[in-house]
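Here the structure is laid out as structure tokens; the discussion comes afterwards.
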């Protein structure tokens with residue numbers, strides 16, 4: 002490894018800025034040479050990572066770029082989906098090469114891989130009186146650096162990314178007790194009347210914390226918007242009151258159960274897991290339930306899923 006890069010690594014600097022490179026004796030020409038040999042990688046203008054430490058997975062790559070953004074802009078905090086990811090939230094279809102920041106600027110600007118928004122202004126507490134002015138929100142610490150609070154990040158993300166992303170994030174926070182519906186409502190009041198703020202209201206209306214995974218949240222959004230009434234997390238017992246299963250959703254007024262199948266529980270290849278799941282479905286069918294499994298691929302082709310559900314409704318009628 003190049004001696005200057007080794008010095009940075011010994012100082013714990015996996016990520017470094019152009020100015021930090023200059024400080025250890027590198028210049029633009031040597032940086033270009035190190036990039037060609039793969040010893041360092043330029044993530045965006047003014048920001049580098051040691052080649053052996055470049056993140057590959059979308060989530061980790063996004064967080065790496067986010068940490069770099071805070072190096073470039075020490076007065077910034079993470080916002081939007083970047084803040085959600087830093088707080089440990091699942092983010093649907095995260096873009097690894099675009100990070101959201103907030104800084105003391107007057108309007109939104111784009112700087113390379115960074116979308117920079119003005120500082121989030123928190124609405125005054127009702128007890129402070131109607132004339133109290135909004136104040137800049139205080140960032141909170143996360144694994145990637147300072148960020149807006151989770152409820153704020155949900156509202157910001159919903160405006161930019163839309164209903165599905167918003168419900169996934171809101172469900173996660175509510176389910177795990179990170180925030181309350183009142184916290185979300187307070188954050189939503191800040192953007193009331195802003196462009197694209199209607200998605201925020203729709204997301205908060207749908208989110209209830211009942212879904213236990215992003216797939217379940219997306220499934221609920223997809224089917225609810227299509228007009229299907231779902232009852233989430235239903236406990237089903239046999240005629241003797243013995244517990245049989247808890248299903249992700251029951252189609253209201255029917256014995257049609259919908260189960261989101263993310264396939265995670267089958268990844269171990271443990272035959273006992275597969276057998277237990279088969280027995281569970283067999284018992285549900287013995288009790289007269291129709292079980293429809295929903296996958297990520299089904300949600301990408303919703304019309305086919307709707308047809309399967311309507312066919313099941315016709316059979317159950």
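Residue numbers (this note's numbering): 2 to 318. Virtual Cβ for every residue (Gly too), placed ideally from N, Cα, C.
- Go to residue 294, then tell me how far its beta strand (DSSP E) extends in each direction, as first and last residue. If you look at residue 294, you'll find it in the beta strand (DSSP E) that goes 291-295.
- Query: How far does the beta strand (DSSP E) with residue 74 in it reach, from first residue to last?
  - Reply: No beta strand (DSSP E) contains residue 74, which DSSP labels as neither H nor E.
- Do residue 118 and residue 107 have their C-beta atoms within less than 8 angstroms of each other? Contact: no.
- From residue 41 to residue 305, what distance separates their C-alpha atoms? Here the alpha carbon of residue 41 sits roughly 47 angstroms from the alpha carbon of residue 305.
- Message: To the nearest angstrom, how far is the alpha carbon of residue 64 from that of residue 50?
- Response: So the alpha carbons of these two residues sit roughly 13 angstroms apart.
- Task: Alpha carbon to alpha carbon, how far is residue 16 from residue 69? Give it in angstroms, no decimals.
- Result: One C-alpha to the other measures close to 6 angstroms.
- Between the Cα of residue 112 and those of 101, 280, 300 and 53, spot the shortest distance and give me the residue it belongs to. For the residues 101, 280, 300 and 53, the minimum Cα distance to residue 112 belongs to 101.
- Message: Can you look up residue 122 in the DSSP assignment and give me helix, strand or coil?
- Response: Strand, per DSSP.
- Message: By the three-class DSSP mapping on this structure, what secondary structure does residue 172 have?
- Response: Correct three-state label for residue 172: helix.
- Task: With residue 197 as the anchor, note down where its beta strand (DSSP E) starts and where it stops.
- Result: Per DSSP, residue 197 lies in no beta strand (DSSP E) and is assigned neither H nor E.
- Counting pairs of beta carbons, one from the segment 154-167 and one from the segment 85-94, are three or more of them closer than 8 angstroms? Look at the beta carbons and you see the segment 154-167 touching the segment 85-94: at least three pairs across the two are nearer than 8 angstroms.
- Task: Check whether the Cβ atoms of residue 81 and residue 154 lie closer than 8 angstroms to each other.
- Result: With contacts defined by Cβ atoms closer than 8 angstroms, residue 81 and residue 154 form a contacting pair.
- Message: On a Cα-Cα basis, can you pick out the residue from 196, 27, 176 and 203 that is closest to residue 167?
- Response: Distances from the alpha-carbon of residue 167 to those of 196, 27, 176 and 203 put 203 closest.
- Query: Using a Cβ-Cβ cut-off of 6 angstroms (strictly less than) and excluding sequence neighbours within five positions of residue 84, which residues of its own chain qualify?
  - Reply: If we look at residue 84 and ignore the five residues flanking it on each side, its Cβ neighbours are 148, 149 and 154.
- For the alpha helix (DSSP H) holding residue 42, just list the boundary residues, first then last. For residue 42, there is no enclosing alpha helix (DSSP H); the residue is part of the beta strand (DSSP E) that begins and ends at 41-45.
- residue 67 versus residue 145 - alpha carbon distance: Using only the alpha carbons, I get a separation of about 7 angstroms.
- Going by other Cβ atoms of all chains shown within 10 Å of its Cβ, with 16 needed for buried, is residue 286 buried or exposed? Exposed, since its Cβ has fewer than 16 Cβ neighbours within 10 Å.
- Item | Below-8 angstroms beta-carbon distance, residue 175 vs any chain B residue | The structure shown contains no chain B, having only a single protein chain.
- Task: Name the residue from 254, 218, 246 and 310 whose alpha carbon lies nearest to the alpha carbon of residue 297.
- Result: Taking the Cα of residue 297 as reference, the smallest distance to any Cα among 254, 218, 246 and 310 is reached at 218.
- Message: Which residue wins for smallest C-alpha separation from residue 14, given the options 194, 291, 247 and 52?
- Response: Considering only alpha carbons, the answer is 52.
- Message: Tell me which residues share the same chain as residue 233 and place their Cβ nearer than 6 angstroms to its Cβ, disregarding the 5 neighbours each side in the sequence.
- Response: Same-chain partners within the cutoff: 211 and 250.
- Nearest residue (CA-CA) to residue 281, options 258, 302, 11 and 301: If we check each option's Cα against that of residue 281, 258 comes out closest.
- Around the C-beta of residue 23, are 16 or more other C-beta atoms found within 10 angstroms, so that it is buried, or is it exposed? Burial call: exposed.
- Message: Quick check on residue 29: buried or exposed, where buried means 16 or more other Cβ atoms within 10 Å of its Cβ?
- Response: That one is exposed.
- Query: Smallest Cα separation from residue 215: which of 176, 115 and 46?
  - Reply: If we check each option's Cα against that of residue 215, 176 comes out closest.
- Item | Burial state of residue 54 (16 or more Cβ within 10 Å) | Classification of residue 54: exposed, given that the 10 Å Cβ count is below 16.
- Just tell me which of 291, 310, 200 and 139 has its CA closest to the CA of residue 299. Of the candidates 291, 310, 200 and 139, the residue whose Cα lies closest to the Cα of residue 299 is 310.
- Beta-bridge partners of residue 49, as assigned by DSSP: Its beta-bridge partners are 17 and 43.
- From 227, 245, 143 and 238, residue whose alpha carbon lies closest to that of residue 308: It is 227.
- With DSSP as the reference, please indicate the residues paired to residue 101 in a beta bridge. For residue 101, which the question treats as bridged, DSSP gives the partners 116.
- Query: Does the beta-carbon distance from residue 295 to residue 260 come in below 8 angstroms?
  - Reply: Yes.
- Message: Taking the beta carbon of residue 116 as the centre, do at least 16 other beta carbons fall within 10 Å, making it buried, or is it exposed?
- Response: Looking at its Cβ environment, which holds 16 or more other Cβ atoms inside 10 Å, residue 116 is buried.
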